[in-house]
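Colleague: Going line by line, the protein sequences match chains R and V.
Under this note's numbering, think of the first position of the first sequence as 2, with each following residue one higher.
Under this note's numbering, think of the first position of the second sequence as 2, with each following residue one higher.
There are 2 protein chains.
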Amino acid sequence: MGDTKLKETLERVLIAAEALFAENGYDGTTLRQITQRANVNLAAVNYHHGDKESLYLEIIRRRLQPINESRLKNLAAAELGAEGSPVPLDVLVEIMARPLFELYADADHGGRHAARLIGRSLVEPLPFMTKFLAAEFQPVMSRFGQALRRHAPALPPEDFLWRLSFVVGAMLHALATLHRMKDLTRGICRDNDQVAARARFVQFAVRVLGTP
Amino acid sequence: MGDTKLKETLERVLIAAEALFAENGYDGTTLRQITQRANVNLAAVNYHHGDKESLYLEIIRRRLQPINESRLKNLAAAELGAEGSPVPLDVLVEIMARPLFELYADADHGGRHAARLIGRSLVEPLPFMTKFLAAEFQPVMSRFGQALRRHAPALPPEDFLWRLSFVVGAMLHALATLHRMKDLTRGICRDNDQVAARARFVQFAVRVLGTP
DNA sequence: GTCTATAGACGGATAGAC
DNA sequence: GTCTATCCGTCTATAGAC
Numbered sequence: 002m003g004d005t006k007l008k009e010t011l012e013r014v015l016i017a018a019e020a021l022f023a024e025n026g027y028d029g030t031t032l033r034q035i036t037q038r039a040n041v042n043l044a045a046v047n048y049h050h051g052d053k054e055s056l057y058l059e060i061i062r063r064r065l066q067p068i069n070e071s072r073l074k075n076l077a078a079a080e081l082g083a084e085g086s087p088v089p090l091d092v093l094v095e096i097m098a099r100p101l102f103e104l105y106a107d108a109d110h111g112g113r114h115a116a117r118l119i120g121r122s123l124v125e126p127l128p129f130m131t132k133f134l135a136a137e138f139q140p141v142m143s144r145f146g147q148a149l150r151r152h153a154p155a156l157p158p159e160d161f162l163w164r165l166s167f168v169v170g171a172m173l174h175a176l177a178t179l180h181r182m183k184d185l186t187r188g189i190c191r192d193n194d195q196v197a198a199r200a201r202f203v204q205f206a207v208r209v210l211g212t213p
Numbered sequence: 002m003g004d005t006k007l008k009e010t011l012e013r014v015l016i017a018a019e020a021l022f023a024e025n026g027y028d029g030t031t032l033r034q035i036t037q038r039a040n041v042n043l044a045a046v047n048y049h050h051g052d053k054e055s056l057y058l059e060i061i062r063r064r065l066q067p068i069n070e071s072r073l074k075n076l077a078a079a080e081l082g083a084e085g086s087p088v089p090l091d092v093l094v095e096i097m098a099r100p101l102f103e104l105y106a107d108a109d110h111g112g113r114h115a116a117r118l119i120g121r122s123l124v125e126p127l128p129f130m131t132k133f134l135a136a137e138f139q140p141v142m143s144r145f146g147q148a149l150r151r152h153a154p155a156l157p158p159e160d161f162l163w164r165l166s167f168v169v170g171a172m173l174h175a176l177a178t179l180h181r182m183k184d185l186t187r188g189i190c191r192d193n194d195q196v197a198a199r200a201r202f203v204q205f206a207v208r209v210l211g212t213p
């Protein structure tokens, strides 16, 4: 088999594992389920991706790193354009939220599952993931925290952090439940309109973070 | 052994299992871990509580049913007192949030773990739990949805439900991460002040739900 | 690189003595 | 009711043929 087929095989494992991890969690997913779904031999996973933990970490990293890089890049650009004045709140929230909602909308490439999995991995504390996640989010949270803070300088730090926690929680929950939003609301809320969902989220976050 | 000791034994299993399920999830917890932590023989779990799924369901139900009953009772009382006019928003939110935050504060009786577990069980979709959870929350969501709706009658249903989803997500996330809030904020936010956390949540939810 | 076969450990659940 | 011992299935991971 040539390189093309090979790459496709490895990719199929990642896609299959991503969907299963998102749906059933790390402990609820077996390597056998993954290889079966990917139409790959069981031994291929360990050969190419190492053990189960490495595979999981690799899947998360592959999605998360470009997202956080893009966030930092867009924040830097926005700050440059603002020329010293605070970047508008809605712009900040948009920069944070957009990559995840867009990932979710990229259904053909498994983005739905990837977005759900990211949300899930941030909620359920897997021992072997904590160090990676802390390091991965430290720069983003630090820089965005500062930028957001300029819109409510008088707010006590404790209140500010609680609000931030509520907003983050709302976003993770939205990502984790978007796929069944239609069922949960008896058809009133669509689950396939990523743009509308994001607009509502930005509106919500601005209202929460932008009040003294 | 008398009845007293027996009850204590069964109770110890529930407490131990609750903590482990909260920390490691359903699939991440083994019956052996549970019995070891509870200082109980392995076979005792199956004998008294049936299989693993029954045990999990029993733990959730034991905590959730009184909470939802209390919510419905308090809502009915508040509506009676309001004499036809809408129950104030902060009262509604308080009725919904209070039982969970108080459960969390009841550390000696394992309430912290129970609250985390409830949050977790509402996020991760265990197949054998969905029917129970849907039935358990249907009356609460229906009645409170109506009561909340009176404060924003002009708001399109879709927007209302999205806001509700954000608020619920923020609350579940708060419950799931309260225990590490201090670490996540470098000591700025305390994790043992349930009253302050609840007050901030109510303020947050009122702001979100009470704007046209 | 890819497969089969299997090692080796651990899981849930139960039989049967006490 | 409580315990020990164990069955039986499934899991991850790897050895070794091709």
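No residue lacks a Cβ here, since even glycine has one placed at the ideal position from N, Cα and C.
Since residue 79 of chain R and residue 60 of chain R should fall inside the 8 Å C-beta cutoff, what is the C-beta to C-beta distance between them, to a whole number of angstroms?
Modeller: Not a contact, Cβ separation roughly 30 Å.
Colleague: Quick check on residue 9 of chain V: buried or exposed, where buried means 16 or more other Cβ atoms within 10 Å of its Cβ?
Modeller: exposed
Colleague: Taking the C-alpha atoms as reference points, what is the distance between residue 176 of chain V and residue 120 of chain V?
Modeller: A straight line joining the alpha-carbon of residue 176 of chain V with that of residue 120 of chain V spans about 6 Å.
Colleague: Counting C-beta neighbours from all protein chains within 10 Å, is the total for residue 76 of chain R 16 or more, i.e. buried, or is it exposed?
Modeller: buried
Colleague: Please check if any C-beta of chain V sits within less than 8 Å of the C-beta of residue 158 of chain R.
Modeller: yes
Colleague: Just mark residue 195 of chain R as buried or exposed, buried being the case when its beta carbon has 16 or more other beta carbons within 10 Å.
Modeller: Burial call: buried.
Colleague: With C-beta atoms as the reference, is residue 137 of chain R less than 8 Å away from residue 69 of chain R?
Modeller: Against a cut-off of 8 Å, the Cβ pair of residue 69 of chain R and residue 137 of chain R comes out as a contact.
Colleague: Below 7 Å between beta carbons is the criterion; list the residues of the segment 40-61 of chain V that meet it against any residue of chain R, in chain order.
Modeller: none
Colleague: Please list the partners that residue 189 of chain R has in chain V, where partner means a Cβ-to-Cβ separation under 8 Å.
Modeller: 158, 159, 162
Colleague: Going along the chain, which residues of the segment 113-126 of chain R sit with their C-beta nearer than 7 Å to a C-beta in chain V?
Modeller: For the segment 113-126 of chain R, which is checked against every Cβ of chain V, the residues closer than 7 Å are 124, 125.
Colleague: Please confirm whether residue 205 of chain V has its beta-carbon closer than 8 Å to some beta-carbon of chain R.
Modeller: Closer than 8 Å: yes.
Colleague: How about residue 175 of chain R: is its C-beta nearer than 8 Å to some C-beta of chain V?
Modeller: yes
Colleague: Are the CB atoms of residue 50 of chain V and residue 117 of chain V nearer to each other than 8 Å?
Modeller: no
Colleague: Starting from the beta carbon of residue 29 of chain V, find every residue of chain R whose beta carbon is closer than 9 Å, and list them in chain order.
Modeller: 26, 27, 28, 29, 125, 127
Colleague: Nearest CA to the CA of residue 187 of chain V: which residue from R:168, R:158, R:164?
Modeller: R:158
Colleague: Under three-state DSSP, which class holds residue 36 of chain R?
Modeller: helix
Colleague: Could you have a look at residue 152 of chain R and say whether DSSP puts it in helix, strand or coil?
Modeller: coil
Colleague: Start and end of the alpha helix (DSSP H) containing residue 178 of chain R?
Modeller: The continuous alpha helix (DSSP H) containing residue 178 of chain R extends over residues 158-178.
Colleague: Would you grab the beta carbon distance between residue 17 of chain R and residue 39 of chain R for me? Rounded to a whole angstrom, and I think it's under 8 Å.
Modeller: 4 Å
Colleague: Would you kindly report the start and end of the unbroken alpha helix (DSSP H) that includes residue 75 of chain R?
Modeller: 53-83
Colleague: To the nearest angstrom, report how far apart residue 150 of chain R and residue 126 of chain R are at their CA atoms.
Modeller: 28 Å
Colleague: For a contact defined as C-beta to C-beta under 8 Å, what are the partners of residue 169 of chain V on chain R?
Modeller: 174
Colleague: Around the Cβ of residue 140 of chain V, are there at least 16 other Cβ atoms within 10 angstroms (buried) or fewer (exposed)?
Modeller: With fewer than 16 Cβ atoms within 10 Å of its Cβ, residue 140 of chain V is classed as exposed.
Colleague: Please check if any C-beta of chain R sits within less than 8 Å of the C-beta of residue 10 of chain V.
Modeller: no
Colleague: Determine, using beta carbons only, whether residue 170 of chain V and residue 90 of chain V come nearer to each other than 8 Å.
Modeller: At a Cβ-Cβ threshold of 8 Å, residue 170 of chain V and residue 90 of chain V do not count as neighbours.
Colleague: Would DSSP call residue 129 of chain V helix, strand or coil?
Modeller: coil
Colleague: Strictly below 8 Å CB to CB, what residues from chain V border residue 71 of chain R?
Modeller: Those within 8 Å of residue 71 of chain R in chain V number zero; the least Cβ separation is about 24 Å.
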